[in-house]
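**Q** In my numbering, the protein residues as written are 6 to 315.
For glycine and all other residues, C-beta sits at the position ideal for the given N, C-alpha and C.
Predicted, not measured: the structure shown is a model, and the values here were computed from it.
Take a look at the following structure, please.
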Amino acid sequence: MSAQAGSCRRTPLPAIARRRCGAIRRAATGDSGGAPPPPPPQQQPEPQIRLSDPAQTVIAGGRLPSRRRLIGGGLTAAAVALGGNLGGVTSALLALDGGRLAGRLRLDVLVPVKGLKRCVDAANGFEFSYPAAWLGDQTLVRRAAQRAELARGLDPPPLRGAAVDPRRRGGIDPVVAFGPAGSTGELNVSVIAAPITPGFRLESLGSPADAALRFLNTTVAPPGSDRTAELLAASERRDDAGNLYYTFEFTVRKEGGFFRHNVSVLASRGDVLFTLNAQCPEARWGAEGRGVSAAAATFRLLPAPARRRQ
């Protein structure tokens with residue numbers, strides 16, 4: 006490289022060759038040619054990350070989503086948790102006021118409140134609460150579907166009548182019933198809506214005690230049957246709409262068979278008599294009696310739909 010640099014000084018060269026030769030010489034000698042060295046690259050200041058702001062916290066693979074997405078995701082998660090009653094959080098919130106708001110909005114139809122859920126039968130016009138762990142009687146649903154199918158059928162009346170179970174001819178099924186899963190039916194709550202003479206009033210049965218004794222002697226344990234009944238309490242109440250309810254608490258025993266504790270509620274409207282009956286084996290009354298009594302106490306008739314003007 007030095008010989009080449011010396012030849013550049015002895016032999017005249019064109020301008021381009023001189024510049025190239027000078028570059029070679031400076032590279033060989035380390036001379037910068039008098040020009041100042043280039044400044045070192047400036048380092049960008051590191052961003053100040055605020056750990057209090059989740060959107061600026063670095064995570065594996067990048068940063069967290071924007072604050073807008075965080076808020077939207079949080080609201081969605083809260084809605085899912087409340088709607089699904091995860092961990093019973095919705096039930097606990099609705100029970101803070103004693104379940105009054107849930108009752109007005111009928112949220113307890115879907116979510117248990119204070120251990121109870123609500124049954125609303127808009128077709129027959131009544132509602133009541135029942136233990137949240139109980140299930141609806143699917144046998145009644147199947148029978149109702151069969152009756153509806155028979156009513157829509159095109160077969161003549163004799164054929165339709167022959168399809169009905171003769172053992173249930175003339176009987177009245179409950180319109181709804183609830184009980185524990187896998188039970189024998191001795192622990193349940195049910196409602197019967199039976200036709201009565203138009204203009205009937207519950208007061209015509211006399212006082213609650215008189216009506217209860219008549220109910221026991223004619224329906225629960227009539228003379229000649231193998232059942233005996235004992236009346237424990239009888240009372241009456243009225244709801245905000247003025248509907249009257251009679252409540253009877255009694256036990257019924259069958260010789261060599263069952264021994265049950267019952268709470269029945271009677272109410273009437275128009276030509277229909279409603280009877281809610283909540284029953285429990287006497288041996289389990291101490292554990293189940295509270296839920297049974299609560300179901301009877303919440304039974305009420307729904308407001309009648311307003312008639313349209315002609």
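#1: Which residue or residues does DSSP assign as beta-bridge partners of proline 228?
#2: I need the DSSP call for phenylalanine 220, collapsed to helix, strand or coil.
#3: Return the bridge partner residues of proline 286 from the DSSP annotation.
#4: In whole angstroms, what is the alpha-carbon distance linking alanine 272 and glycine 261?
#5: Counting C-beta neighbours from all protein chains within 10 Å, is the total for threonine 224 16 or more, i.e. buried, or is it exposed?
#6: Which residues in the same chain have their Cβ closer than 6 Å to the Cβ of valine 277, if we skip the five residues on either side of it in sequence?
#7: Look at the alpha carbon of asparagine 129 and the alpha carbon of serine 195, and state the distance between them as a whole number of angstroms.
#8: Using DSSP bridges, identify the partner residues of phenylalanine 316.
#9: Which of the three DSSP states, helix, strand or coil, is assigned to serine 134?
#10: From the DSSP output, read off the bridge partner residues of valine 125.
#11: Measure the Cβ-Cβ separation of valine 297 and valine 257 and say whether it is below 8 Å.
#12: Near tyrosine 251, which residues of its chain fall below 8 Å by C-beta distance, leaving aside the five closest residues on each side in sequence?
#13: With 16 other CB atoms within 10 Å as the buried threshold, where does proline 136 fall?
**A** Per the coordinate set shown:
#1: The partner list for proline 228 (beta bridge, DSSP) is empty, contrary to what the question assumes.
#2: Helix at phenylalanine 220.
#3: Arg265
#4: 33 Å
#5: exposed
#6: Here valine 277 has Ala198 as same chain residues with Cβ atoms under 6 Å from its own Cβ, once five neighbours each way along the sequence are excluded.
#7: Approximately 13 Å between the Cα atoms of the pair.
#8: Outside the displayed span of the chain (6 to 315) sits residue 316, for which this structure offers no information.
#9: Reduced to three states, the DSSP call for serine 134 is strand.
#10: Glu132
#11: no
#12: Leu207, Leu210, Pro213, Ala216, Ala217, Ala239, Ser240, Glu241, Val270, Leu271 and Ala272
#13: buried
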